[in-house]
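Enquirer:
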Amino acid sequence: MNINVITASPLKHISPALVIGCFENTRDDLFTACDAALDGCLGRLADSREFSGKVNTSHLIHTLGKMPAERLLLVGLGKKSELNGERMRQAAGNAVQVLRTARIPSFATALHMSGEPGTALEAVCEGSLLGSYLFDMYKTKDRDEHFSFTAMSLLLPGGNRKEAVTSVERSQTLCRAVQLARDLVSQPGNVVTPAFLADTAREMALRHAMECRVYEYEELVQLGLNALIAVGKGAAEAPRLIVLEYRGAGDRSRPVALVGKGITFDSGGISIKPGAGMEEMKTDMAGSAAVLGAMQAAAGLGLPINLVGIIPTAENMPDGKAYKPGDVVTSLCGTTIEITNTDAEGRLILCDALHFARRFKPVAMIDLATLTGACVVALGHEASGLMGNNQRLLNSLKQAGERCGERVWELPLWDSYGEAMKSDIADLKNAGSRDGGSITAGWFLKQFVGTTPWAHLDIAGTAWRDKALPCSPKGATGIGVRLLIEYLRCR
Ligand code: BES
Ligand code: MN
Ligand code: ZN
């Protein structure tokens, strides 16, 4: 979808549809002006409670020649005192869902006029772009039923057009990165393999003047990333470690390390998962998709920071060569791990990657992983699990999450949780009981980060949704990209 910035009054601009925001119990100038143009129709709708302005409500009407816009789409913004960026994004997302249902591919919007001048424009762009996303790469039939948006015109009654255009470009850069993450997660496991992720990173490096190095099997053996190697042993395609570096702050400044779980399919391995729903385990590389998206966005936005993205990637498969329960592996840092469940593979590939990340002397490390089903039990789909060893870092991530709408919720990581991860024959085991499963997984990772400020995001419940949301159709959400960028922007 193209976005045009047009200097025009909403009451004078010709378009197939005009979107305006409406508050609950408050009528702003634009509402009043449209109401007057429509001979009091909007006031009637409000009085009769057909349209109240509550959040997540909308109403589409024809203007029958009384306005230059053929239709008017009213979108609820809730109470004026409660308006924030997230509400604005959701309203913009709702608007595109209604327009999609009505098959109106090009429209104008004045939604941002109801919000804060500085932030509303970006929120409206983001909500519209994220909401209009569809994954239809593999649909070959019924192309005539296919619908996609062509253009959105952002109406600016006056003010600084240049500033608005810059905001639009920033939003487009960010949303393209979210789209990349969604596409990677939605694509099937026979396409998105460890080699595919490596190629994606290499191409990104070429396009954005980043550096990319992919450690192939022999190098992993030489370096001693045995936990990553163990997980990949049952697969036809070899595991890899992808390292992507972006330098927006010169060579002297220490980077932030972003580490993403890249299991391109998680069958569980020898501790095989039940068949029902196993197809969803193509999404087990959502952490790596978030890292790739965030790297692309940071470079595209030219953020003045250094970043290193680290992606351990493998397929977790059962096979004669696969690793087995009872095996003991010596991880990169020398810690020995008894495998008690081959389905607890994420923490294994991450423990090597987190230890490897310390080579870059990062000021902070953030890992993202679809790590545990227990996190879905604990938090459902509304928040990602957050754990770590540095309260300042955790607080910054929480605040970033609130601002961008990708919420996180902290879980404790007390030492006593470690009892569950003690092995009789090795330093650690990779799986404990079901109790506190997200936390024991986080505790396990903590053993490999040393004193570096570190945060772990368990995105098992947030990377994929079975239900459509205003800003994300059902399926991949692209979670993490906007959270990381919001955090990095305000660090
Ligand atoms: N990738 C899964 C976790 C997962 C579950 C992600 C549901 C998304 C949706 C992970 O590798 C896994 O299998 N975890 C096990 C750990 C257990 C064996 C200790 C789990 O959660 O059951
Ligand atoms: Mn697993
Ligand atoms: Zn997994």
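Counting the sequence shown from 1 gives a position; the numbering used here is that position plus 5.
We treat Cβ as the ideally placed atom computed from N, Cα and C, and that holds for glycine.
Being a predicted model, the structure only gives us computed values, none of them experimental.
1. When the Cα of residue 130 is compared with those of 119, 93 and 149, which residue comes out closest?
2. Use the C-beta contact count for residue 69: other C-beta atoms within 10 angstroms, 16 or more gives buried, fewer gives exposed.
3. Going along the chain, which unbroken runs of the beta strand (DSSP E) with 3 or more residues stay wholly within the region 380 to 450?
4. Give the DSSP-derived three-state secondary structure of residue 140 in the structure shown.
5. What is the DSSP secondary structure of residue 476, counted as helix, strand or coil?
6. Give me, in chain order, the residues of the same chain whose beta-carbon lies closer than 8 Å to that of residue 253; leave out the 5 immediate sequence neighbours on both sides.
7. Indicate the three-state DSSP secondary structure (helix, strand or coil) for residue 121 in the structure shown.
8. Any residue with its Cβ nearer than 5 Å to a heavy atom of the ligand ZN should be included. What is that list in chain order?
9. Compute the minimum distance between the beta carbon of residue 426 and the heavy atoms of the ligand BES, and state whether it is under 7 Å.
10. Going by CA-CA distance only, name the one from 75, 440 and 448 that's closest to residue 394.
11. Please name the residue in 416, 25, 335 and 12 whose C-alpha comes closest to that of residue 431.
12. Just to confirm, does residue 348 get its C-beta within under 7 Å of one of the non-hydrogen atoms of the ligand MN?
13. Roughly how many angstroms separate the alpha carbons of residue 376 and residue 251, rounded to a whole number?
14. CA-CA distance, residue 407 and residue 472?
15. What did DSSP end up calling residue 27 once you bin it into helix, strand or coil?
16. For residue 328, report the span of its beta strand (DSSP E) as first-last.
17. Could you tell me if the beta carbon of residue 381 falls within a distance shorter than 7 Å of some heavy atom in the ligand BES?
18. Can you tell me which of the three DSSP states residue 18 falls into?
19. Should the region 164 to 183 be called in touch with the region 24 to 31, which here means at least 3 C-beta pairs below 8 Å?
20. Take residue 476 and list the residues in its own chain whose beta-carbon comes closer than 7 Å to its own, dropping the five residues that flank it on each side.
21. Within 10 angstroms of the Cβ of residue 245, are there 16 or more other Cβ atoms? Answer buried if so, exposed if not.
22. Alpha carbon to alpha carbon, what distance is there between residue 457 and residue 9?
23. Going straight from the alpha carbon of residue 109 to that of residue 187, what length do you get?
24. DSSP three-state label for residue 357, please.
25. Use the C-beta contact count for residue 198: other C-beta atoms within 10 angstroms, 16 or more gives buried, fewer gives exposed.
26. Count the other CB atoms, across all protein chains shown, that sit within 10 Å of the CB of residue 231; report buried if there are 16 or more and exposed otherwise.
27. In the DSSP output, which residue or residues are listed as bridge partners for residue 319?
28. Would you mind listing the beta strand (DSSP E) stretches within the region 235 to 267 that are 3+ residues and don't spill past its ends, in chain order?
29. Assess contact between the region 378 to 392 and the region 412 to 424, defined as three or more Cβ pairs (one per stretch) separated by less than 8 Å. Is contact present?
30. Can you tell me whether residue 455 is helix, strand or coil according to DSSP?
31. According to DSSP, what are the bridge partners of residue 307?
32. Looking at the ligand BES, does it come within less than 7 Å of residue 339, judged from the CB to the closest heavy atom?
33. Is it a yes or a no for the region 232 to 240 touching the region 356 to 364, going by three-plus beta-carbon pairs under 8 Å?
34. Give every residue of the same chain whose Cβ lies closer than 8 Å to the Cβ of residue 493, excluding the five residues on either side of it in the sequence, and list them in chain order.
Expert: Answer, in terms of the structure:
1. Numbered from 1 along the sequence shown, position 125 holds the residue referred to as residue 130. Nearest of 119, 93 and 149 to residue 130, Cα basis: 93.
2. Numbered from its first residue, the sequence shown carries residue 69 at position 64. Under this definition residue 69 is an exposed residue.
3. 389 to 393 and 413 to 415
4. Here residue 140 refers to the residue found at position 135 of the sequence shown. In this structure, residue 140 counts as coil in the three-state DSSP scheme.
5. Start at 1 with the first residue of the sequence shown, and residue 476 comes out as number 471. Note: residue 476 maps to coil in three-state DSSP.
6. As a working note, residue 253 is residue 248 in the sequence shown. If we look at residue 253 and ignore the five residues flanking it on each side, its Cβ neighbours are 303, 304, 307, 308, 309, 310, 311 and 312.
7. If you number the sequence shown from 1, residue 121 lands on position 116. Coil at residue 121, not helix or strand.
8. 268, 271, 289 and 351
9. Residue 426 sits at position 421 when you count from the first residue of the sequence shown. It does not: the Cβ of residue 426 is nowhere closer than 7 Å to a heavy atom of the ligand BES.
10. Along the sequence shown, one-based indexing puts residue 394 at 389. Cα-wise, what sits closest to residue 394 is 448.
11. As a working mapping, residue 431 is identified with position 426 in the sequence shown. With distances taken between Cα atoms, residue 431 lies closest to 335.
12. Working through the sequence shown from its first residue, we reach residue 348 at position 343. Yes - the ligand MN has a heavy atom lying nearer than 7 Å to the Cβ of residue 348.
13. Counting from 1 along the sequence shown, the entry for residue 376 is found at position 371. Counting from 1 along the sequence shown, the entry for residue 251 is found at position 246. Cα to Cα, residue 376 sits roughly 26 Å from residue 251.
14. Taking the first residue of the sequence shown as 1, we reach residue 407 at position 402. Taking the first residue of the sequence shown as 1, we reach residue 472 at position 467. So the alpha carbons of these two residues sit roughly 21 Å apart.
15. What you label residue 27 is simply residue 22 of the sequence shown in a count that begins at 1. Three-state DSSP puts residue 27 in a strand.
16. The residue given as residue 328 occupies position 323 in the sequence shown. Counting along the chain, no beta strand (DSSP E) covers residue 328, and no H or E run does either.
17. Counting from one through the sequence shown, the residue named residue 381 turns up at place 376. Under cutoff, so the answer is yes.
18. Position 13 of the sequence shown, counting from 1, holds the residue named residue 18. DSSP places residue 18 in coil when its eight states are reduced to three.
19. no
20. Numbered from 1 along the sequence shown, position 471 holds the residue referred to as residue 476. So the qualifying residues of the chain are 94, 95, 98, 132, 135 and 136.
21. If you number the sequence shown from 1, residue 245 lands on position 240. Flag for residue 245 reads buried.
22. The residue given as residue 9 occupies position 4 in the sequence shown. The residue given as residue 457 occupies position 452 in the sequence shown. Distance between the alpha carbons of residue 9 and residue 457 is about 45 Å.
23. Within the sequence shown, the letter at position 104 stands for residue 109. Within the sequence shown, the letter at position 182 stands for residue 187. Residue 109 and residue 187: Cα-Cα distance of roughly 24 Å.
24. The sequence position of residue 357 within the sequence shown is 352, counting from 1. Three-state DSSP puts residue 357 in a helix.
25. Taking the sequence shown and counting its residues from 1, the one referred to as residue 198 is at position 193. Buried is the call here.
26. Your numbering for residue 231 matches position 226 in the sequence shown. Under this definition residue 231 is a buried residue.
27. Within the sequence shown, residue 319 is the residue found at index 314, counting from 1. For residue 319, which the question treats as bridged, DSSP gives the partners 268.
28. 245 to 252 and 261 to 265
29. yes
30. Residue numbering aside, residue 455 sits at position 450 when the sequence shown is read from its first letter. Looking at residue 455 - three-state DSSP - the assignment turns out to be coil, as it is neither helix nor strand.
31. Taking the first residue of the sequence shown as 1, we reach residue 307 at position 302. Partner(s): none; residue 307 has no beta bridge.
32. Translated into the one-based positions of the sequence shown, residue 339 becomes position 334. Checking the Cβ of residue 339 against the ligand BES gives no.
33. yes
34. Looking up residue 493 in the sequence shown gives position 488. These residues qualify, in order along the chain: 261, 299, 303, 308, 310 and 312.
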